[in-house]
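Let me begin by presenting the structure, written as structure tokens, before commenting on it.
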Amino acid sequence: MSDAGWEQYYVKKAFEKNWIAPLGENVDLFEAEVTKIVGQKHAVAVSSGTAAIHLALKALNVQAGDVVLCSTLTFSASANPICYEGATPVFIDSECETWNMDPQALETALKTQPNVKAVIVVHLYGIPAKMNEIMALCRQYHVPVIEDAAESLGSTYHGQQTGTIGDIGIYSFNGNKIITTSGGGMLVTANNQIAQRAKYLATQAREKTLHYEHREIGYNYRLSNVCAGIGRGQLKVLSERIAQKRAIFHQYRRLLSDIPQIQWMPEPKGSFCNFWLSCLTVEGIDPNQLIATLAADNIESRPIWKPMHQQPVFNQQQVYGGRYSDYLFANGLCLPSDTKMKMQDIEWVALRLRQAIRQQKQQFSQVKRSAHGAS
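As numbered in the working numbering, residues 1 to 375 make up the sequence shown, in order.
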């Protein structure tokens, strides 16, 4: 069977066996296959990456009044579950070598913040964070680490899979991720107690009794057997998808290497990035204008994530640092990165981006000359 047919095969088996609920063979095997691929002991398949983060916080007993330190440059799903528990998110700036959590800012927060119950570190766009420094600090202060590897499945840090370095890791299988279950996520951990606690809470906290017994509040977070079947099929093409994502990034970089205004997302020494999205920053150019120009040619590009400390819902929360993530948001651009893109598609995007940058530079020069003439 070709790799493209496995999703349908596993989904069909789920229907044939009438296992379409959030349990069944596909769920069990999807968890087992993920643990084998990433090299972790336990995995719990859930309905979303957000659910996985929420369960991680619950498993660490995060409660109202606690503080959770979180990367500020991320999607809001990294921080929202902190608020589900009534805890306080405190945001940590990025640094330039990885675009991820700045260990120096983290250290300042750990020294000064009371009641820090957990740290959520994000591997942005598939770039591994500085986990050696982050883990050393968190061990020093006895704070557990949750890795948000929603965007970095397949990325490695000094040979170790992202999501398996901290106490708990989470992956997302949303429709826009490198592989998908339509909607879904996974919690992974080396700690059996954490895994069992997460699975228990994800199954409405149902006790192991003949009747339905519930001693605490649980959640409907388990992944369906049908969606898990899609995930099993998708896992078979994960390495191919990563190779395609990396090829797209390097083609963009090659085609645009002569433009001095462009700085590319980093791949630090010792790290292997899946390049979930191909991202860059531009100096002296308005990225929003570039986005509009590309959109006129039906080319979809987007800004870098807006930092959490700039979001209206979180802008009253404390942030340590903030300047570099602000810079990335103000100057960043995500290019089309779909694995179905052909070489001519990449070349077309690169050509139009080059032309858009040139056009904007010319407009700026004209405005500058007009200003000098008026004076």
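By construction, the Cβ of each residue, glycine as well, lies at the ideal position given by its N, Cα and C atoms.
Range covered by the beta strand (DSSP E) that runs through Lys117:
116–122
Are Tyr327 and Asp93 touching if we call contact CB-CB under 8 Å?
no
Just checking, does the stretch 258–266 make contact with the stretch 279–294 on the three C-beta pairs under 8 Å criterion?
yes
Determine the DSSP secondary structure at Phe329, reduced to helix, strand or coil.
helix
Residues near Glu133 by beta carbon distance below 7 Å, same chain, minus five either side:
Pro103
Look up Ile92 in the DSSP assignment and say whether it is helix, strand or coil.
strand
For His42, three-class secondary structure by DSSP:
strand
Within the chosen definition, does the stretch 108–118 reach the stretch 134–144 through at least 3 CB pairs nearer than 8 Å?
yes
Alpha carbon to alpha carbon, how far is Leu353 from Asn288? Give it in angstroms, no decimals.
12 Å
Just to confirm, is the Cβ distance from Ser271 to Tyr157 under 8 Å?
yes
Chain-order list of residues whose beta-carbon lies under 6 Å from that of Cys227 (same chain, five-residue window excluded):
Thr181, Ser182, Gly184
Starting from the C-beta of Val349, find all residues in its chain whose C-beta is less than 7 Å away, skip the five residues before and the five after it, and write them out in chain order.
Ile299, Leu335, Pro336
Just verifying my parser: in three-state terms, what is the DSSP assignment at Ile304?
coil
For the structure I just gave you, are there three or more beta carbon pairs, one from the stretch 74–86 and one from the stretch 229–237, closer than 8 Å?
no
Within the chosen definition, does the stretch 208–227 reach the stretch 51–64 through at least 3 CB pairs nearer than 8 Å?
yes
Go ahead and label Ala59 buried or exposed: buried means 16 or more other beta carbons lie within 10 angstroms of its beta carbon, across all protein chains shown.
buried
Between which two residues does the beta strand (DSSP E) containing Val282 stretch?
278–282
Host alpha helix (DSSP H) of Met131 (start-end):
131–140
Does the Cβ-Cβ distance between Ser172 and Ser48 come in under 8 Å?
yes
Can you check DSSP and say which residues form a bridge with Val188?
Ala43, Gly169
Could you tell me whether the Cβ atoms of Gly126 and Glu95 are closer together than 8 Å?
no
Does the beta-carbon of Pro22 have 16 or more other beta-carbons within 10 angstroms, so that it is buried, or is it exposed?
buried
At which residues does the beta strand (DSSP E) containing Glu240 begin and terminate?
Unbroken run through Glu240 is the alpha helix (DSSP H), 238–255; no beta strand (DSSP E).
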